[in-house]
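Undergrad:
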Amino acid sequence: MTTASSRSARTTRPPRSVALAGEEARAASTGAPSGQVDLRLDPAPTAMVWTQPGRPHDAVAVPSVHLAPGDLLVEVELATICGSDVHTTRGDRGASAPLVLGHEQVGRVVAVGAGAVAVDGTPLVPGQRVVWSLTVSCGRCSTCGRGLPQKCESVLKYGHERLITGWELSGGFATHVHVRAGTAVVPVADDLDAALLAPVSCGTATARAALDSAAQVVDLAGAVVLVLGAGLIGLTAAAMATDAGARVVVVDPDASRRALAVRFGAVATASPTVAPGSDDSVEHALRTAGGAPLVAVEASGSPHAVASALALLGTGGVAVLVGSVFPAPAVPLDAESVVRRLVTIRGVHNYAPRHLVEAARFVEERHAAWPLAELVGEVVALPDLDAGIAAAATGGSVRVGVRPA
């Protein structure tokens, strides 16, 4: 590997992809064992490596890639900056540095290892446009066997793993990603804007998983659904719940996000900071929607929002906690109230392959109904990643995009 500071890389265009067809990729193999592919790419793929809070990313060239059976090399078309990327770079949560951040992206297959297949079992081929899961799972451990591959006992996560030799292209903030066997890969439409598809691998699929979890307890059709946090997960969940026949109330302190939530199906919105009973209060919004919610999706991670979700639920309701993925003060629990109201509390972290499939289908089928493309605002070039993360930290746009070229 060769390394250069991202500050000097700002004046250098990222390497363009090497478009190797399947047979050409195998021809580039340098004596790899059967079923494996060794690629030497010229120009070399580039990954942006993060080392510690306050330090700019380093641009790292990766001239060779080894594809084991089932692996893929994918050229990134567009990545988006998730809130967890911002939290990591600020030092709000632990990380195994150095690493390549980024786990929301869409791209095209450049080369394949033997037996590489999509989540439905169909062979993957160079040229296909794809999204892929946040996690790499073994498929053999007891947790995978219980239908929870996202919590595999040996799970690896794109954009979260310490940089190691042989898997340098492990995150979405790069020109290419080395997609490992055990990843759920979903082919997607060629004619959709990349801004629609990049968030599917995290935010959209997580919203789908949250509503799936809720629907196992409460029928969404006709239910009042309370969504706390109007980020990408919350807004997408609002649209999905509306499609399922729910009446959605969205709570967020930002007035512009509340206005956006109405465009994503909310019948009422509220601010968590106003006095109870005022026109912008949660109580007023719930009365407008029809009463106490039977579903609460907490997507902000705020301890106050978690407590509100539990307190506001009606009898037999379910709280799905999604946003609590960084250290925060503990939330007091009124156990007697939970018991007497028959409240169910569920946690959702990451998602199963079926949720990725359903999220991609939602975007493909419903992008004209909801303003999904507007969720991605500013787009920066890969060498300007640090500026993009700074912009994402302001919360001005729901997502900031990163384009390799």
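Here the sequence shown is numbered in this note's numbering, starting from 19 and rising by one per residue.
Where is the CB? At the ideal position from N, CA and C, for every residue including glycine.
Between which two residues does the beta strand (DSSP E) harbouring Ala-212 extend?
TA: Not the beta strand (DSSP E): Ala-212 falls in the alpha helix (DSSP H), residues 212-215.
Undergrad: At the level of alpha carbons, what is the spacing between Ala-337 and Val-313?
TA: Their backbone Cα atoms lie some 6 Å apart in a straight line.
Undergrad: Go ahead and pull the three-state DSSP assignment for Ala-37.
TA: With a pLDDT of 37 at Ala-37, under the threshold of 50, the modelled position of that residue is not reliable, and no figure is offered here.
Undergrad: Is Gly-197 near Asp-89, with beta carbons less than 8 Å apart?
TA: The question names Gly, but residue 197 is Val in the sequence shown. Yes; because the gap between Cβ atoms is below 8 Å, this pair is in contact.
Undergrad: Might you give, ordered along the chain, the residues of its own chain that have their beta carbon closer than 8 Å to the beta carbon of His-322, omitting 5 neighbours on each side?
TA: So the list reads Pro-290, once near-sequence residues are dropped.
Undergrad: Below 8 Å, can you find three or more Cβ-Cβ pairs linking the stretch 208-215 to the stretch 102-116?
TA: No, the stretch 208-215 does not touch the stretch 102-116.
Undergrad: Which partner residues does His-196 have in the DSSP bridge list?
TA: According to DSSP, which records beta bridges pairwise, His-196 is partnered with Leu-91.
Undergrad: Which of the three DSSP states is assigned to Asp-56 in this structure?
TA: Here Asp-56 sits in strand by DSSP.
Undergrad: With a threshold of 7 Å on Cβ separation, who are the neighbours of Trp-388 within its own chain once the five nearest residues in sequence on each side are excluded?
TA: Same-chain partners within the cutoff: Ala-257 and Phe-282.
Undergrad: Less than 8 Å between the CB atoms is what I'm expecting for Ala-288 and Ser-299, so what's the real figure, rounded?
TA: The pair is a contact, with the Cβ atoms about 6 Å apart (cut-off 8 Å).
Undergrad: Would you call Glu-301 buried or exposed, if buried means 16 or more other Cβ atoms sit within 10 Å of its Cβ?
TA: The residue in question, Glu-301, is exposed, as its Cβ has fewer than 16 Cβ neighbours within 10 Å.
Undergrad: Would you identify the three-state DSSP class for Ser-342, choosing helix, strand or coil?
TA: DSSP places Ser-342 in coil when its eight states are reduced to three.
Undergrad: Which residues in the same chain have their Cβ closer than 8 Å to the Cβ of Leu-224, if we skip the five residues on either side of it in sequence?
TA: It is Thr, not Leu, that sits at residue 224 in the sequence shown. Closer than 8 Å at Cβ, skipping near neighbours: Ile-251, Val-340, Val-366, Asn-368, Tyr-369 and His-373.
Undergrad: Assuming Val-242 and Ala-310 make a contact with CB atoms under 8 Å, what is their CB distance in whole Å?
TA: Yes, Val-242 and Ala-310 are in contact; Cβ-Cβ is about 7 Å, under 8 Å.
Undergrad: Answer yes or no: do Gly-413 and Glu-316 have a C-beta to C-beta separation smaller than 8 Å?
TA: Cβ atoms of Gly-413 and Glu-316: not closer than 8 Å.
Undergrad: Taking C-beta to C-beta, are Val-280 and Val-245 nearer than 8 Å?
TA: Taking 8 Å as the Cβ cut-off, Val-280 and Val-245 do not qualify as a contacting pair.
Undergrad: So Leu-91 and Val-128 are in contact, right, with Cβ under 8 Å, and what is the actual spacing, rounded?
TA: 5 Å between Cβ atoms; contact.
Undergrad: Determine the burial state of Ser-160: buried for a count of at least 16 other Cβ atoms within 10 Å of its Cβ, exposed for fewer.
TA: Exposed, because fewer than 16 other Cβ atoms sit within 10 Å of the Cβ of Ser-160.
Undergrad: Cα-Cα, which of Gly-295, Leu-215 and Arg-358 is closest to Arg-417?
TA: The shortest Cα separation from Arg-417 among Gly-295, Leu-215 and Arg-358 belongs to Leu-215.
Undergrad: Taking Cβ positions, are Ala-378 and Val-149 nearer each other than 8 Å?
TA: Yes, these two residues count as a Cβ contact at 8 Å.
Undergrad: Name the DSSP bridge partner or partners of Gln-424?
TA: One cannot answer for residue 424 here, as it falls past the ends of the chain, which runs 19 to 423.
Undergrad: Hey, Ser-219 and Pro-371 are a contact pair by Cβ (cut 8 Å); roughly how many whole angstroms apart?
TA: About 12 Å separates the two Cβ atoms, so there is no contact after all.
Undergrad: How should Glu-354 be labelled, buried or exposed, when 16 other C-beta atoms within 10 angstroms of its C-beta is the threshold for buried?
TA: Glu-354 is exposed by the Cβ-count criterion.
Undergrad: Measuring CB to CB, does Ser-296 end up less than 8 Å from Val-324?
TA: No, the pair does not count as a contact, with Cβ atoms beyond the cut-off.
Undergrad: Apart from the five residues on each side of it in sequence, which residues of its chain come closer than 6 Å, Cβ to Cβ, to Arg-126?
TA: If we look at Arg-126 and ignore the five residues flanking it on each side, its Cβ neighbours are Glu-93 and Arg-147.
Undergrad: Excluding the 5 residues preceding and the 5 following Glu-95 in the sequence, name in chain order all residues of the same chain whose CB lies nearer than 7 Å to its CB.
TA: The residues are Val-124, Gly-125, Arg-126 and Ala-212.
Undergrad: Compute the Euclidean distance between the alpha carbons of Pro-345 and Asp-60, then round it to the nearest angstrom.
TA: Between Pro-345 and Asp-60, the C-alpha separation is close to 42 Å.
Undergrad: Does DSSP classify Pro-422 as helix, strand or coil?
TA: Correct three-state label for Pro-422: coil.
Undergrad: For a quick check, are the C-beta atoms of Val-420 and Val-394 less than 8 Å apart?
TA: Against a cut-off of 8 Å, the Cβ pair of Val-394 and Val-420 comes out as no contact.
Undergrad: Taking 8 Å as the cut-off, decide whether the C-beta atoms of Arg-238 and Ala-259 are in contact.
TA: The sequence given here places Leu at residue 238; Arg does not occur at that position. It is a contact, given that the beta carbons lie within the stated cut-off.
Undergrad: Whole angstroms are fine: how far does the CA of Gly-240 sit from the CA of Phe-191?
TA: Going by the C-alpha atoms only, they are around 41 Å apart.
Undergrad: Output needed for Glu-42: all residues of its chain with C-beta closer than 6 Å, excluding positions within five of it in sequence on either side, in chain order.
TA: Confidence at Glu-42 is low in this model, with a pLDDT of 40, below 50, so the placement of that residue should be treated as unreliable; the coordinate-derived value is given next. No residues qualify anywhere along the chain.
Undergrad: May I ask you to report which of helix, strand or coil DSSP gives Ser-82?
TA: Of the three classes helix, strand and coil, the one that applies to Ser-82 here is strand, per DSSP.
Undergrad: When DSSP builds the beta bridges, which residues end up paired with Leu-246?
TA: Its beta-bridge partners are Val-269 and Glu-316.
Undergrad: Find out if the Cβ-Cβ distance for the pair Gly-133, Pro-87 is shorter than 8 Å.
TA: Yes, the Cβ-Cβ distance between Gly-133 and Pro-87 is below 8 Å.
Undergrad: List the DSSP bridge partners of Thr-362.
TA: Val-336.
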